[in-house]
Structures are given as C-alpha cells and as structure tokens.
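*Asks:*
Protein chains: 4
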Amino acid sequence: MDRFEAQHLLYAERVRESFSRQRVMDLIGATLGDVEPGRVTIALAHRADLVQQHGYVHAGIVGTIADSAGGYAAYTLMPEGSSVLSVEYKLNLLAPADGERLLATGRVIKPGRTLTVCELEVEVWKDGTPRTCAWGLQTVICLRDRSDGPG
Amino acid sequence: MDRFEAQHLLYAERVRESFSRQRVMDLIGATLGDVEPGRVTIALAHRADLVQQHGYVHAGIVGTIADSAGGYAAYTLMPEGSSVLSVEYKLNLLAPADGERLLATGRVIKPGRTLTVCELEVEVWKDGTPRTCAWGLQTVICLRDRSDGPG
Amino acid sequence: MDRFEAQHLLYAERVRESFSRQRVMDLIGATLGDVEPGRVTIALAHRADLVQQHGYVHAGIVGTIADSAGGYAAYTLMPEGSSVLSVEYKLNLLAPADGERLLATGRVIKPGRTLTVCELEVEVWKDGTPRTCAWGLQTVICLRDRSDGPG
Amino acid sequence: MDRFEAQHLLYAERVRESFSRQRVMDLIGATLGDVEPGRVTIALAHRADLVQQHGYVHAGIVGTIADSAGGYAAYTLMPEGSSVLSVEYKLNLLAPADGERLLATGRVIKPGRTLTVCELEVEVWKDGTPRTCAWGLQTVICLRDRSDGPG
Chain A
0 MDRFEAQHLL YAERVRESFS RQRVMDLIGA TLGDVEPGRV TIALAHRADL VQQHGYVHAG
60 IVGTIADSAG GYAAYTLMPE GSSVLSVEYK LNLLAPADGE RLLATGRVIK PGRTLTVCEL
120 EVEVWKDGTP RTCAWGLQTV ICLRDRSDGP G
Chain B
0 MDRFEAQHLL YAERVRESFS RQRVMDLIGA TLGDVEPGRV TIALAHRADL VQQHGYVHAG
60 IVGTIADSAG GYAAYTLMPE GSSVLSVEYK LNLLAPADGE RLLATGRVIK PGRTLTVCEL
120 EVEVWKDGTP RTCAWGLQTV ICLRDRSDGP G
Chain C
0 MDRFEAQHLL YAERVRESFS RQRVMDLIGA TLGDVEPGRV TIALAHRADL VQQHGYVHAG
60 IVGTIADSAG GYAAYTLMPE GSSVLSVEYK LNLLAPADGE RLLATGRVIK PGRTLTVCEL
120 EVEVWKDGTP RTCAWGLQTV ICLRDRSDGP G
Chain D
0 MDRFEAQHLL YAERVRESFS RQRVMDLIGA TLGDVEPGRV TIALAHRADL VQQHGYVHAG
60 IVGTIADSAG GYAAYTLMPE GSSVLSVEYK LNLLAPADGE RLLATGRVIK PGRTLTVCEL
120 EVEVWKDGTP RTCAWGLQTV ICLRDRSDGP G
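Protein chains in written order, with numbering that gives the first Met the number 0: chain A, 0 to 150; chain B, 0 to 150; chain C, 0 to 150; chain D, 0 to 150.
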C-alpha cells in the first residue's frame, strides 16, 4: 500500500471531532483508534445487544464500523473546508463476528480530488487471536462546500 | 420480478421468530413488516442516536436493515431445517437518509439451492413522501445443518 | 423505475457515435440496441471465440456489454459537453451465459450531476426463451470537460 | 496476505489446461503468467481493437482478465475433481487502462470449502512504470461434480 500525505495540518483533530458527532457510534459502543494519513481504525467490543440470531455481531454493525473507518481514512487526505460522504460500499463476510472485540481498518487505495477508493478490513479478536471476518471496498466522495466527516 | 413459492409452510413464522432473536434490531428500533415469499420489509423510525455527523441515519444502519431484509427474503424460500448467512452485500447510497422513517425491502432476484441473490432497496419517508435512499445487491448462502435466520 | 428526461436533444446520436468508437464492441460482435432516456440495450450473439472453459460466454464479456449498457444509459441523461466514465461495477452471475444471444440492459436508478447509479441486467436467450444470467449495480461519473461516452 | 497450500499436486497444470480452453483469452491476446497457490496473474498487451471510445482498454476487458485471475487463484486451492465458477465480482476503476500492457493479479483472501473470496488488482504498465488501474473483490464457488476452471 502506498504512503499518503495529509493536506490538512489538523487532519486527526478533524476526524476525531467529526467522529464524536456520529452518535450511532456511542449507541453501539464503537471507539476511534488510529488516525493516520490514509488509514483509520475503529474498535468495537462485543455486546449482547449487537447480535443477530446466532449471537454474533450483526453484519450490518460490522459494516457500520467498516464504512466509517473507510470514510475517515479518506477524510484524512482531504483539504480544508471539505466533507466526505460514502457513495457505495461492498462487504464480503468471511467469518462470523464471533469474539470479544472487532477492529475495523479503512485504508485508502486511491485518493482523488473527487472520489477516493478504500479497502475495508474487519478483524474479530477471540481469546487474544485476530481473524479477518470481513473484507470490503468502498467509494467516497469529497464535497467542497462543507466541513464534515463521512457517513 | 418473478413470483416465488415458499417451500416451508411456516416460512413467515420462521422469519418472525428469527427476527425476534436479532437483538440489534431492538437496539436500533427496527421492526419487521411484510413477510412474503421472496420479499421482506423492515421499518426503522428516525432516532437521534442513530445518526452520523450530519444528523442523518448512518449508512451502516441503513445497511443493517437492508441486509436483514434481503437475508429474510431469501430465507422465506428455503426448506425446513436450513439457515441463511449473508455472504456479501453491496450498497449504493443514493441520497441522505433524511426523514422520519426508513423502509428497507429485500427482494429475491434469483433463488438457489446454495446461493440466493437479492436486491435491496431502502426508502426514506419525509413529510409523507418516499424517496429511494439506498440500492443494493446481496448474496446469501443456505446452510442445511441448522434452523436459523440470516445475519 | 422512474421515467427520465434527456437534457441533450441529440442524446441518442451522441450515444451511437460514441459506441461506434468502442472498437472492442466490433471485436466481440456486440451491437447497440435501444437508446432511450435512462435506458440502453446492447446485444451480443454467441460465438465460439468468446467462451470460457465450459463453452459459455465468459463472465468478463458479459460484464463488458453490461458495463457499456449502463454507462450509455447514464450518458443519455447528461448535458452537452460532458463525458462519462465507469467508477465501479458489481455483477452477480446468476446462470451460465448459455444460449444463442445475450441482451444487456442498463437502467438508470438515480441520475446525478456528478454520479449516476445504474442497474445492469443481462439476459441469455436460448431456444427463443430469455433468462436473466447476470444482475449488477454500477456507478458512473459525469466529466464536464470533454464530449465522450463511457468505458 | 496469508500463504496457502495447494491440495492438488498438479494445481498449476490444471490451471494452465483450463486457461487454454478459455478461448476468449486468445481472442483478446491474454496470457497466463504466475500460477502459485492462492495467486495467479494474467497479462494483456494493449491492442487497438480492445479499446473504448477514448482509446483505453475497455473496463470490461480489464474485468475479464481480473475475473479469470481471481477464479484461477481460487482454483489452485481446490481439491481434485472440482471446478470453480464466479459467483460475483466488483471492480473499482482507479485510472484509465492507458499503457502498453496490463497485468491482472488474483489473490485469495479467504479460501473455503464452498466459497472462496479473492482480491483483484490490475496494473497498467506505461513507459516501464506500473500503476494500479483497477481493484476488486470476487466470490467464487467450488463445484464438486466436475473438473474445470472458472469463468
């Protein structure tokens, strides 16, 4: 993966501030982890009220943290006065989200003035061992008329 | 879209029972709507704790109800003693989920012994008018060794 | 599906002219069919040199006509002086492309100033009967600085 | 990326034999490159009859070599007496396929008894320098009743 350079000095603060306004992250208990140029992680502890019928974290919640991780990864590379919006995402569910904790990583594959493409990976940690449980691809768009994060 | 026939007499009861065990649906306030052979809807009222940074329902929550609607649409066509699992889904976000209420519809495009493909549509209702805010495509797999719904 | 209005009087001529420059369509023997606002079809006769190892038309060739059908469907709705480019496409292969002839249809789901989302369907005709063999979703971008079709 | 082990001693021969029956590869001039457990490459020289209206290799042809590279990457890990079929693929087009030569790489992310998920990457080489022009994700299915490759 290439290394990227942020265009905005306060890119990490901007991501953290925007994340704090994603109230759904509070609801599900997700927390922001690493914020680097082109790479952002979001962690989520297992909770009994996040599950589908087999007791694993629901694929849509896996998608929720993956989508935000990718959107914010793209946002780290965007200029001042811009905001991002998810255009589309696709997620392959490789294994049940069965463990104590999920870690979603969004990585920019291709930054662009208008569109940025990210790779999404979600690992599930069980008994101290990580396992990739979802892998995805996402397109996000940079909007120049307002200052805000993805979603 | 074709018309499909359920293989299981109690397909609707089976879906409702499985949905009731998707505890994440309680957390976000989603409710099951129509359950027909090859077609299922899930409704979600807007709530301030479901939003991203602009105040719209988060794309991942949109994906959560879309994924379950599609999974259960597939499940209506599966034989007794089977369960479904989402293999992958892809969602295009067409408009912000800005309104009082969302309605996700999962429609089977192609049923199959092992794999079923569904179309996903999410409408947002605002001031009494619906607008499609997300459109997707999903692959689900039928597992023959246990009796359970998607997720 | 909604009905759309073309913004350009000569939208059909523009599509036909651009298609004629897609030399790969000549190579595989694809021909342009209907060109309506928001909807374009492309036909392809079976040929022994288009196949994969089982003798069916290769999934990538199915994708080639589907991608162009969707791109041109989007192009019918774009203003003068613009061109389109595929941003991404996703295709589910529902059945082998086993028949005498394929018909790809691109339908605009959501037109936009910058991004347009299309639904892609490919039917295979065998012994006079059509069967859907692929279903997809595509995002295309409108570029304002040159006059050209998708690809 | 993990390292994988082939289950079939003659996995490479099996891939080469199947590829030789994909007659569309002859038509477009694609050649098989590396065949390793979980990783296969396919090369394609630029040709004037492969292009879309701007003179770049058509996105569908990019998809054709990407889809086969991924399908064969999955096939390297499958047992004797099995065949593979693409279930779905999604491709993000990151840059025009503008160069002398394309190289598609299929990499297995997650092998499975029934479904295998692959990452697809296509590089375009121009003046001796590679550039990623497409990135994708693919699901392939293992069929146990016949011995054949993907497509």
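All residues carry an ideal CB built from backbone N, CA and C; glycine is no exception.
Keep in mind that this is a model prediction, so the values were computed, not measured.
Any idea what DSSP makes of Leu9/D, helix, strand or coil?
*Replies:* In this structure, Leu9/D counts as coil in the three-state DSSP scheme.
*Asks:* Restricting to runs no shorter than 4 residues, where is the alpha helix (DSSP H) found entirely within the segment 11 to 72 of chain C?
*Replies:* Runs found: 22 to 27.
*Asks:* Return the residues of the segment 89 to 118 of chain B that lie within a Cβ-Cβ distance of less than 9 Å from chain D, sorted by chain order.
*Replies:* Per Cβ criterion, the list reads Lys89, Thr113, Leu114, Val116.
*Asks:* Let me check understanding here. Comparing Cα to Cα, which of Ala11/A, His57/A, Ile60/A lies closest to Gly37/A?
*Replies:* Taking only the C-alpha atoms, the option nearest Gly37/A is Ala11/A.
*Asks:* Based on DSSP bridge pairs, tell me the residues matched to Thr104/A.
*Replies:* In the DSSP output, where bridge partners are listed per residue, Thr104/A has Thr40/A, Glu120/A.
*Asks:* Can you check DSSP and say which residues form a bridge with Thr172/D?
*Replies:* Residue 172/D lies beyond the range of chain D shown here (0 to 150); nothing can be said about it.
*Asks:* For Glu122/C and Pro129/C, what's the separation of their Cα atoms in angstroms?
*Replies:* Using only the alpha carbons, I get a separation of about 6 Å.
*Asks:* Which one of Asp48/D, Ala5/D, Glu120/D has the shortest CA to CA distance from Ser158/D?
*Replies:* With chain D covering only 0 through 150, there is no way to say anything about residue 158/D.
*Asks:* For Val116/C versus Gly70/C, is the C-beta distance shorter than 8 Å?
*Replies:* No, the pair does not count as a contact, with Cβ atoms beyond the cut-off.
*Asks:* Considering just the uninterrupted stretch of the beta strand (DSSP E) at Leu76/B, what are its terminal residues?
*Replies:* Where Leu76/B is concerned, there is no enclosing beta strand (DSSP E), given that its DSSP letter is neither H nor E.
*Asks:* Per DSSP, what kind of secondary structure is Leu93/B in: helix, strand or coil?
*Replies:* Three-state result, Leu93/B: coil.
*Asks:* Suppose you measure from the CA of Leu43/D to the CA of Pro95/D; what does that come to, to the nearest Å?
*Replies:* Leu43/D and Pro95/D: Cα-Cα distance of roughly 15 Å.
*Asks:* Does the beta carbon of Thr138/A come closer than 8 Å to any beta carbon on chain D?
*Replies:* At least one chain D Cβ lies under 8 Å of Thr138/A.
*Asks:* Sort Thr40/B, Thr75/B, Tyr55/B by Cα distance to Gln6/B and report the nearest one.
*Replies:* It is Thr75/B.
*Asks:* Tell me, please, which residues DSSP counts as bridged to His115/B.
*Replies:* Per the sequence presented here, residue 115/B reads as Thr, with His not at that position. According to DSSP, which records beta bridges pairwise, Thr115/B is partnered with Val139/B.
*Asks:* For Trp134/C, return the contacting residues in chain B, with the cut-off set at a CB-CB distance below 8 Å.
*Replies:* Residues of chain B passing the Cβ test: Ile108, Lys109, Val116, Glu118, Leu136.
*Asks:* Since Gly80/B contacts Thr63/A with CB under 8 Å, what's their CB separation in whole angstroms?
*Replies:* Going by Cβ atoms, the distance from Gly80/B to Thr63/A rounds to 32 Å, so no, they are not a contact pair.
*Asks:* Can the beta-carbon of Pro110/A be found less than 8 Å from the beta-carbon of Phe3/A?
*Replies:* Cβ atoms of Pro110/A and Phe3/A: closer than 8 Å.
*Asks:* Does the beta carbon of Gly62/D sit closer than 8 Å to a beta carbon anywhere in chain C?
*Replies:* Answer yes: the Cβ-Cβ gap between Gly62/D and chain C drops below 8 Å somewhere.
*Asks:* Leaving aside the five residues before and after Ala72/B along the sequence, list all residues of the same chain whose C-beta is less than 7 Å from its C-beta, in chain order.
*Replies:* Only Gly37, Arg38, Val39, Gly105, Arg106, Val107, Cys117 meet the Cβ criterion.
*Asks:* Taking Cβ-Cβ distances below 9 Å as the criterion, which residues of the segment 50 to 61 of chain B are in contact with chain A?
*Replies:* Within the segment 50 to 61 of chain B, the qualifying residues are Val50, Gln51, Gln52, His53, Gly54, Tyr55, Val56, His57, Ala58, Gly59, Ile60, Val61.
*Asks:* Could you name the residues of the same chain whose beta carbon sits closer than 8 Å to that of Leu142/D, not counting the 5 residues immediately before and after it, in chain order?
*Replies:* Result list for Leu142/D: Ser81, Ser82, Val83, Leu84, in chain order.
*Asks:* Please work out which residues of its chain come closer than 8 Å, Cβ to Cβ, to Gln51/A, disregarding the five sequence neighbours upstream and downstream, and give them in chain order.
*Replies:* Taken in chain order, the residues that qualify are His57, Ala58.
*Asks:* Give the interface partners of Val86/C over in chain A, defined as CB-CB distance under 7 Å, in chain order.
*Replies:* What Val86/C touches in chain A: Leu114, Thr138.
*Asks:* DSSP beta-bridge partners for Glu87/C?
*Replies:* Beta-bridge pairing links Glu87/C to Thr138/C, Asn91/D.
*Asks:* Can you confirm whether Glu42/D, when its beta carbon is compared against all beta carbons of chain C, has any partner nearer than 8 Å?
*Replies:* In the sequence on display, residue 42/D carries Ala and not Glu. So, not an interface residue.
*Asks:* Using beta carbons (cut-off 8 Å, strictly below), is Ala72/D in contact with chain C?
*Replies:* Cβ-Cβ to chain C under 8 Å: no for Ala72/D.
*Asks:* How many angstroms separate the CA atom of Asp48/A from the CA atom of Phe18/D?
*Replies:* So the two alpha carbons sit approximately 49 Å from each other.
*Asks:* Hey, Ala65/A and Ala133/A: beta-carbon distance below 8 Å or not?
*Replies:* Yes, the pair counts as a contact, with Cβ atoms nearer than the cut-off.
*Asks:* Find the residues of chain D that neighbour Ser17/C, judging by a C-beta separation of less than 7 Å, and give them in chain order.
*Replies:* Ordered by position in chain D, the residues that pass the 7 Å Cβ test against Ser17/C are Gln52.
*Asks:* Under 7 Å Cβ-Cβ, which residues of chain C neighbour Gln159/D?
*Replies:* With chain D running from 0 to 150 in the structure shown, residue 159/D is simply not present.
*Asks:* Is the shortest distance between the beta-carbon of Leu9/A and the beta-carbons of chain B less than 8 Å?
*Replies:* Output row for Leu9/A: interface = no.
*Asks:* Whose C-beta lies closer than 6 Å to the C-beta of Ala103/D among residues of the same chain, with five residues either side of it excluded?
*Replies:* Result list for Ala103/D: Ile41, Ile64, Ala65, Ala68, Val121, in chain order.
*Asks:* According to the neighbour-count rule (16 or more other Cβ atoms, all chains shown, within 10 Å of its Cβ), is Gly127/D buried or exposed?
*Replies:* Under this definition Gly127/D is an exposed residue.
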